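One structure is given here, and the rest of the page talks about it.
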Amino acid sequence: MSRNLYDLIGLAAGICFILALKGLSSPKSARRGNLIGAIGATVATIIVFFYANGGKALNHLPLILTAIGFGVIVGVPAARKVQMTQMPQLVALFNGVGGGAAALVAIVEYLKLGDGATTAEVVATVFTVIVGCVSFSGSVITFLKLQELMTTRPVIFPLGRQVIALTLIGVLASGGWVITSGGSTPLLVNGLLSLLFGILFVLPVGGADVPIVISLLNAFTGLTVAASGYVLQTTLLIVAGTLVGASGTILTRLMAEAMGRSLFGTLFGAFTAKAQASSGAVDTRPVKSGSPDDVAILLNYAQRVVIVPGFGLAVAQAQHTVRELADLLASKGVEVAYGIHPVAGRMPGHMNVLLAEANVPYEQLVEMEEINPTFPQTDVVLVVGANDVVNPAAKTTPGCPIYGMPILDVGQAGNVIFLKRSMRPGFAGIENELLYDAKTTLLFGDAKDSLTKVVSALKAL
Amino acid sequence: MATELMSNEIALLAIFLLSIFVGFEVVSKVSTTLHTPLMSGANAIHGVILVGAIVVADHANTNLELGLALAAVILATINMVGGFVVTDRMLQMFKGKPKVKKDSGDSK
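Sequence order for the protein chains is A and B. Oh and the first sequence: position 29 is 28 in our numbering, straight run, nothing missing. Oh and the second sequence: position 53 is 830 in our numbering, straight run, nothing missing.
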């Protein structure tokens, strides 16, 4: 296959990726967009087999095919079987391995070029190794946080800022060492320091901000792919990587805006915020807890009910039960709407995905800006496993990790019912004053069990 | 020879810069609903680094290079294939909407 033909087909694949991103930006065309992207990627992968070795069969062909087969065997079942609740961490993990792959590609090409590499190629290699390694180890940490294999709170250690600054200096210095002296030892040092920096960079980020970090690391990986595309002189990789880098940056900003935070604040907020001294004193205050029957009665005599879903709904897989409850209430003449916070759950749009799975009519899903003015006319708000997105501390407590995030003003409604597993604070680890409010009723237990009990109590009324 | 190399570098630079603008433009307005699938879809697209991984695996001279390259092939495949499948699964759920309207119409 000639270089020209290869580049032309590569260009077609690049256009597929542009159409894919464009398609994914609108609900109607999203699925088709994803399909177009997959086709582009498949075509690009197939033609490289006919080009890379000047038209002859590739060296190590059986090994390469085995490796691809192995990747498919790992990747596809993971993607198929993962529960909707665990989707965010899977995306984080996929992103991390992509960053790792880009770094490895650059390293191999660097080893092969040896002393023959131009300065520009070495610089691009160093960039790929640094950013790819940061993306890899950072994504692994976000995975561990979301999977709750480690604490979801910001991890702040003594002299954290200094340690991080020193590591960053080390990363840059070792990068400079690679560029000036070459060789594999400096590159190894550079890679290890970059991995360390990725870990330190994500550790202080609070749980609620993790989605933003995933998106940012996603953009990083895109740029790494672009840089390795330069090292390999492959136009397609430059196009695809840059597209993802640019669109990922915009998306990260959009997400940060949806949470009412600056990107800078998200990444560095944890360093400046003092550890929250919220535990202790407040915990002993009394709360009003109710039975499923109490909740059913409150709901039965309401005219308007707003359901606020959160991560607890996702964990309990209660989306079908919540729909059953909403349908039951609607059949009794109660007006029901869902108040969707843009970042409820672990990822922006998480709740829309879940409720769509339970076939909740799209019109009932009301976005934050529209639902907030209606709370004063709402009799009952049913908060199902949400906490941070309704926490008034975001407005009243400067310096707390979620301060400044727009919230659902459920406190303005007549009654608030919280379905919670326990008094444990939300993902961001902040006490919620609303739980102690006189108009709040708490129903403890798994969201699905609680909802099922409420539904049967309602039917019995 | 030198001038030819130069123009190639300039072409790559042009491609890079234009791609930045396209990337910015294409996602300038997205509803929050689609943030997650869009991120996941973009994530799958950078899995195309698989192409690079295959190229370096083909070129590999030593066992070290080959080992690293094959590891890259595995990781990139997971990224690409898994990414597209998981994005499709997310989007599949958005597709159920028209059916929903009929359902809720019946129950009312």
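Using N, Cα and C, we set each Cβ at its ideal position, and we do this for glycine too. All of these numbers come straight from a predicted model, not from anything done at the bench.
Pairwise C-alpha distance: Glu-430 of chain A and Ala-280 of chain A: Here Ala-280 of chain A scores only 44 on pLDDT, less than 50, and its place in the model should not be relied on; the value that follows carries that caveat. Rounded to whole angstroms, Ala-280 of chain A to Glu-430 of chain A spans 11 Å at the Cα level.
Residue-level contact to chain A via CB, Ser-784 of chain B, 8 Å cutoff: By the rule that beta-carbons nearer than 8 Å mark a contact, Ser-784 of chain B does not touch chain A.
Partner residues on chain A for Ala-834 of chain B, Cβ-Cβ distance less than 7 Å: His-59, Ile-63
Nearest-angstrom Cβ-Cβ length linking Ala-821 of chain B and Leu-103 of chain A, presumed shorter than 8 Å: The pair is not a contact, with the Cβ atoms about 19 Å apart (cut-off 8 Å).
Integer-rounded CB distance, given that Gly-70 of chain A should sit under 8 Å from Ser-134 of chain A: A Cβ-Cβ separation of about 18 Å leaves Ser-134 of chain A out of contact with Gly-70 of chain A under the 8 Å criterion.
DSSP bridge partner residues for Tyr-337 of chain A (one or two, in chain order): A:Ile-306, A:Leu-364
Interface flag, Ala-791 of chain B vs chain A, CB-CB below 8 Å: no
Straight-line Cα distance separating Leu-253 of chain A from Leu-407 of chain A: 19 Å
Boundaries of the beta strand (DSSP E) in which Asn-414 of chain A is found, first to last residue: 414-419
Assigned secondary structure, Ser-24 of chain A (DSSP; H/G/I helix, E/B strand, else coil): coil
Beta-carbon proximity list for Ala-834 of chain B, same chain, < 8 Å, skipping 5 on both sides: Leu-843, Ala-846, Leu-847, Ala-849, Val-850
CB contact below 8 Å: Asn-840 of chain B versus chain A: no
Element boundaries [beta strand (DSSP E), containing Phe-443 of chain A]: 439-443
Start and end residues, alpha helix (DSSP H) containing Leu-242 of chain A: 234-257
Residue-level contact to chain A via CB, Ile-787 of chain B, 8 Å cutoff: no
Contact belief for Ala-213 of chain A with Val-128 of chain A at Cβ below 8 Å, rounded distance in angstroms: Looking at the sequence shown, residue 213 of chain A is not Ala but Ile. About 21 Å; that fails the 8 Å criterion.
Bridge-paired residues (DSSP) for Val-379 of chain A: Per DSSP, A:Val-304, A:Asn-414.
Coarse secondary structure for Ser-136 of chain A, derived from DSSP in three states: Judged by DSSP in its simplified three-state form, Ser-136 of chain A adopts helix.
Between the CA atoms of Trp-176 of chain A and Ala-462 of chain A - distance to the nearest angstrom: Within the shown structure, residues of chain A are numbered from 0 to 460, placing residue 462 of chain A beyond reach of any answer.
Simplified DSSP state of Ser-288 of chain A, which is helix, strand or coil: strand
Per-residue DSSP class, three states only, for Val-204 of chain A: coil
Short Cβ contact (8 Å threshold) for Leu-92 of chain A with Ser-136 of chain A: no
Backbone CA spacing between Leu-457 of chain A and Pro-291 of chain A [nearest angstrom]: 9 Å
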